[in-house]
Amino acid sequence: MMEALLRKLLLAAGRNAALSRLMRKHGMRLGARRYVAGTGLSEAIATVRRLNGEGKLATLDHLGEYAGSARDAARAAEMCLKTLDALHHSGVDGNLSLKLTSLGLDLDMTACENYMRAILQRAAEYGIFVRIDMEDSKRCERTLRLYDKLSGEFPGVGVVIQAYLRRSPEDLKALGCHGANVRLVKGAYKEPPDVAYPDKRDVDSAYLRLAMTHLSSEGYTAIATHDEILIGHARDWIAQQGIPDNRYEYQMLYGIGEELQNRLVKDGCKVRVYVPFGEDWFGYFMRRLAERPANLWFVLKHWRK
Ligand code: FDA
Numbered sequence: 001m002m003e004a005l006l007r008k009l010l011l012a013a014g015r016n017a018a019l020s021r022l023m024r025k026h027g028m029r030l031g032a033r034r035y036v037a038g039t040g041l042s043e044a045i046a047t048v049r050r051l052n053g054e055g056k057l058a059t060l061d062h063l064g065e066y067a068g069s070a071r072d073a074a075r076a077a078e079m080c081l082k083t084l085d086a087l088h089h090s091g092v093d094g095n096l097s098l099k100l101t102s103l104g105l106d107l108d109m110t111a112c113e114n115y116m117r118a119i120l121q122r123a124a125e126y127g128i129f130v131r132i133d134m135e136d137s138k139r140c141e142r143t144l145r146l147y148d149k150l151s152g153e154f155p156g157v158g159v160v161i162q163a164y165l166r167r168s169p170e171d172l173k174a175l176g177c178h179g180a181n182v183r184l185v186k187g188a189y190k191e192p193p194d195v196a197y198p199d200k201r202d203v204d205s206a207y208l209r210l211a212m213t214h215l216s217s218e219g220y221t222a223i224a225t226h227d228e229i230l231i232g233h234a235r236d237w238i239a240q241q242g243i244p245d246n247r248y249e250y251q252m253l254y255g256i257g258e259e260l261q262n263r264l265v266k267d268g269c270k271v272r273v274y275v276p277f278g279e280d281w282f283g284y285f286m287r288r289l290a291e292r293p294a295n296l297w298f299v300l301k302h303w304r305k
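For the sequence shown, counting from 1, position 238 maps to 238 in full-length UniProt numbering; every step adds exactly one.
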């Protein structure tokens, strides 16, 4: 009960634009460095280099979502291009993740599509893969439609499927037929029960079913979770079915499950860490805290830092 309330409060704080602006002004604090690599691109690249040294790959995400104006969307697109340039010129092993609402999905669908084309064109020149993150369920259909359109032109693009959504088995079936590169996650947004399973057990069993479905398809699967039990089941199943190593990888968020990441690397598994960076750290940080309100003690400890 208390935990549910805290979760609601944290998610609401993360969505509050005025609070985000205020936090942005004061630089990164509250212990957010645990989950966010830094505010600038150079810190992000240094983090990717360090992760590469630990045997891990990375995907960089310049934080920001729900562009409020055409200027914000243009700025976000420019930052994606700069991130691709930095990945290429630094020689680190990483790719790019992005959110369509940061490119103005809600403002101007055509402009958003044009930004995506420019980003995917630059990424293709460098041989860098781009992942379209999945946002709340209201944007799911539009995200999948745009992915479908772009993936015909650019093979180096992938999308995300959220196990908590009731529609996901159908969506994944269509993606599997096209050999799509899919990151499978549990889902991070607050959704109504007719849209998403409210019970964690249902989400977990849906996750495993979806993972097995996509691993058996022609597609590539990014198993993105810190859930050790689910990862254990997936590993057993992969071994039983003889799924080749070049058809899947494990993904985790920066600052979470490091011990598990290291164990997987030691076992020879491909592990990619999602590395967020940028000045808009507050909303992302609140979502990570909401997943585990017990982490609040950590915020209190770092109140002034
Ligand atoms: P679960 O929440 O059951 O956690 C399993 C265990 O992980 C916990 O018991 C705990 O030990 C640890 N853990 C989880 N969260 C933690 C936290 N915040 N702090 C400390 N420990 C924590 N979602 C989305 O909707 N769209 C997207 O595009 C993405 N993209 C994405 C990329 C990658 C690489 C990952 C790993 C995740 C996402 N997500 C996402 C987020 C995802 O939907 C989900 O919210 C989180 O991964 C948390 O769920 P778990 O799968 O870890 O399981």
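Every residue gets a Cβ at the ideal spot worked out from N, C-alpha and C, and that includes glycine. None of the values given here were measured: they were computed from a predicted structure.
Three-state secondary structure (DSSP) of residue i
i	result
E249	strand
F277	strand
I128	coil
R183	strand
M225	Looking at the sequence shown, residue 225 is not Met but Thr. Correct three-state label for T225: coil.
D61	strand
R272	strand
A220	The amino acid at residue 220 is misidentified as Ala; the sequence shows Tyr. Three-state result, Y220: strand.
L96	strand
R288	helix
I119	helix
M134	coil
D106	coil
S232	As written in the sequence, residue 232 is Gly, which differs from the Ser given in the question. Note: G232 maps to helix in three-state DSSP.
P293	helix
I238	helix
G283	helix
Residue i classed as buried or exposed, judged by whether at least 16 other C-beta atoms fall within 10 angstroms
i	result
D61	buried
T110	exposed
D267	exposed
D236	exposed
N95	buried
H214	buried
A174	exposed
W297	exposed
Q251	buried
M2	exposed
D245	exposed
L5	exposed
P276	buried
residue 367	Outside the shown range of the chain, which is 1 to 305, sits residue 367, and nothing can be said about it.
L30	buried
D199	exposed
K149	exposed
I229	exposed
E141	exposed
S97	buried
G91	exposed
E135	buried
S151	buried
S69	exposed
Cβ-heavy atom distance, residue i to the ligand COA, below 7 angstroms
i	result
K266	For the ligand COA, the structure offers nothing, since it holds only the ligand FDA.
Cβ contact (3+ pairs, closer than 8 angstroms) linking the region 208-219 and the region 177-190 = Segment contact: the region 208-219 against the region 177-190, three or more CB-CB distances shorter than 8 angstroms; contact assigned.
query = In the region 136-208, which residue ranges form an unbroken beta strand (DSSP E) of at least 3 residues, counting only runs that do not cross its ends?
reply = Correct list: 157-162 and 181-185.
query = Between the region 98-105 and the region 61-74, are three or more C-beta pairs nearer than 8 angstroms?
reply = By the criterion of at least three beta-carbon pairs nearer than 8 angstroms, the region 98-105 is in contact with the region 61-74.
task = Return the chain-ordered ranges of every beta strand (DSSP E) run that is complete within the region 3-88 and spans a minimum of 3 residues.
result = Correct list: 57-62.
inquiry  = Within 8 angstroms, do at least three Cβ pairs link the region 113-131 to the region 73-89?
reply    = yes
query = How do the region 12-21 and the region 274-293 stand: do at least 3 beta-carbon pairs fall below 8 angstroms, yes or no?
reply = yes
inquiry  = So, does the region 183-191 touch the region 201-217, judging by three or more C-beta pairs under 8 angstroms?
reply    = yes
task = Tell me, please, whether the region 254-271 touches the region 156-163 by the rule of three or more beta-carbon pairs shorter than 8 angstroms.
result = no
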